[in-house]
Amino acid sequence: MNINNITPPANKDIKYANSDDRLDVELKREINMEYLQEENMDQYNADVLL
Amino acid sequence: MNEGDMNVMLDGKKKCAIFGFCDIWNFTDVTVALEEDTMIFVNTISELVHSSVYRYGGSANKNIGEAFLLVWNIPDDCYHLNQETNQITWKKENYISILADFAVLSFVKTIVKINKDPKILDYKNDSRLVEMIGPDYQVRMGFGLHIGWAIEGAIGSEYKIDASYLSPNVNMASRLEAACKQFGVKMLLSDVLYERLTPEMKKYCRNIDRVTVKGSNKPI
Numbered sequence: 001m002n003i004n005n006i007t008p009p010a011n012k013d014i015k016y017a018n019s020d021d022r023l024d025v026e027l028k029r030e031i032n033m034e035y036l037q038e039e040n041m042d043q044y045n046a047d048v049l050l
Numbered sequence: 051m052n053e054g055d056m057n058v059m060l061d062g063k064k065k066c067a068i069f070g071f072c073d074i075w076n077f078t079d080v081t082v083a084l085e086e087d088t089m090i091f092v093n094t095i096s097e098l099v100h101s102s103v104y105r106y107g108g109s110a111n112k113n114i115g116e117a118f119l120l121v122w123n124i125p126d127d128c129y130h131l132n133q134e135t136n137q138i139t140w141k142k143e144n145y146i147s148i149l150a151d152f153a154v155l156s157f158v159k160t161i162v163k164i165n166k167d168p169k170i171l172d173y174k175n176d177s178r179l180v181e182m183i184g185p186d187y188q189v190r191m192g193f194g195l196h197i198g199w200a201i202e203g204a205i206g207s208e209y210k211i212d213a214s215y216l217s218p219n220v221n222m223a224s225r226l227e228a229a230c231k232q233f234g235v236k237m238l239l240s241d242v243l244y245e246r247l248t249p250e251m252k253k254y255c256r257n258i259d260r261v262t263v264k265g266s267n268k269p270i
């Protein structure tokens, strides 16, 4: 899986309790967690995330 | 015991994790100054801390008034923990390194947010806080990070129960946070965690000191 190609969840109508910020956090977690997959580890670089 | 009743008399499970502890400084003065509004204050900060930790693969374990215990769980197949000596042998080192970076990243991002978020910055001009604490008041926090084993389990009774982690390693994260004030820094990592970071992240760290914290006889 190429983590650069991750798109937002298919159901963009999902709304969380307070705001769209929550959806943003969920999405960013999903992207970050992809780095922990064996096949994506070589794409990880702390400099990029900092 | 009836069906559906909770039985808390269960063994915990020893496992490895990264423990983060952060604390809002001057909190006692803040509670006196803001009174009922303290809840809005602390929950505004909670939102920043929790969302940042969650975004980088961690979870909030405890809200302790002005402090938060954050945990990055390490999957069981990433290490071998000697149950007798508590010696840890890391297996999936790349995984651990990225997770360790995530823990640091989440705290760095939280520090940035604390210094940029308009709602937090507004507290600099809150007359109640300025009068109580001083004209240079701003929200300040300390952050401590450590990696090690802990007993994961449920603590309490059928009346009140909390998922919790018990270990000197959890205390170590708390001690490191407390030491931030002494060293005049916002964040301190243990050498054990530093060793697990990626080279890219290590270059952003500096060696501060070698200390023995309260409750431990092993220098870090």
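Protein chains in written order, with this note's numbering: chain A, 1 to 50; chain B, 51 to 270.
Glycine included, each C-beta is placed from N, C-alpha and C at the ideal position.
Classification of residue i by the beta-carbon crowding that lies within 10 angstroms, buried from 16 upward
i: B:I148; result: buried
i: B:A153; result: buried
i: B:K169; result: exposed
i: B:T139; result: exposed
i: B:K253; result: exposed
i: B:N257; result: exposed
i: B:A213; result: exposed
i: B:L171; result: exposed
i: B:G206; result: exposed
i: B:T248; result: buried
i: B:K231; result: exposed
i: B:K210; result: exposed
i: B:E208; result: exposed
i: B:H100; result: buried
Cross-strand partners of residue i (DSSP beta bridge)
i: B:S214; result: B:G203
i: B:W140; result: B:Y129
i: B:M191; result: B:I74
i: B:A117; result: B:D73 and B:I114
i: B:G198; result: B:A67
Endpoints, the alpha helix (DSSP H) within which residue i is located
i: B:I124; result: Note, B:I124: premise wrong, no alpha helix (DSSP H); not H, not E.
i: B:K253; result: That residue, B:K253, is in no alpha helix (DSSP H); it is neither H nor E in DSSP.
i: B:Y104; result: T88 to R105
i: A:D21; result: D20 to E34
i: B:R178; result: S177 to I183
i: A:V48; result: A46 to L49
i: B:K264; result: Premise fails: B:K264 is in no alpha helix (DSSP H) and is neither H nor E.
i: B:I170; result: P168 to L171
Minimum Cβ-Cβ distance from residue i to chain D less than 8 angstroms
i: A:D47; result: The chain inventory of the structure shown lacks chain D, comprising the protein chains A and B.
Contact under 8 angstroms by Cβ, residue i with residue j
i: B:L299; j: B:D167; result: Chain B is shown from 51 up to 270; residue 299 of chain B falls before or after that span and cannot be answered.
i: B:I164; j: B:I146; result: no
i: B:S224; j: B:F91; result: no
i: B:V242; j: B:I197; result: yes
i: B:L239; j: B:L195; result: yes
i: B:D79; j: B:M182; result: yes
i: B:W75; j: B:M222; result: no
i: B:G265; j: B:G62; result: no
i: B:V103; j: B:L120; result: yes
i: A:K28; j: B:R105; result: yes
i: B:E134; j: A:N45; result: no
i: B:V261; j: B:A228; result: no
N-terminal and C-terminal residue of the beta strand (DSSP E) that residue i is part of
i: B:L238; result: M237 to L239
i: B:I68; result: K63 to I74
i: B:N113; result: S109 to I114
Alpha carbon of residue i to alpha carbon of residue j, nearest angstrom
i: B:K64; j: B:I161; result: 31 angstroms
i: A:L49; j: A:E30; result: 14 angstroms
i: B:E143; j: B:D259; result: 26 angstroms
i: B:S96; j: B:T81; result: 15 angstroms
i: B:L60; j: B:D126; result: 20 angstroms
i: B:A117; j: A:E38; result: 34 angstroms
i: A:L23; j: B:P269; result: 43 angstroms
i: B:L216; j: A:M33; result: 26 angstroms
i: B:G107; j: B:C128; result: 15 angstroms
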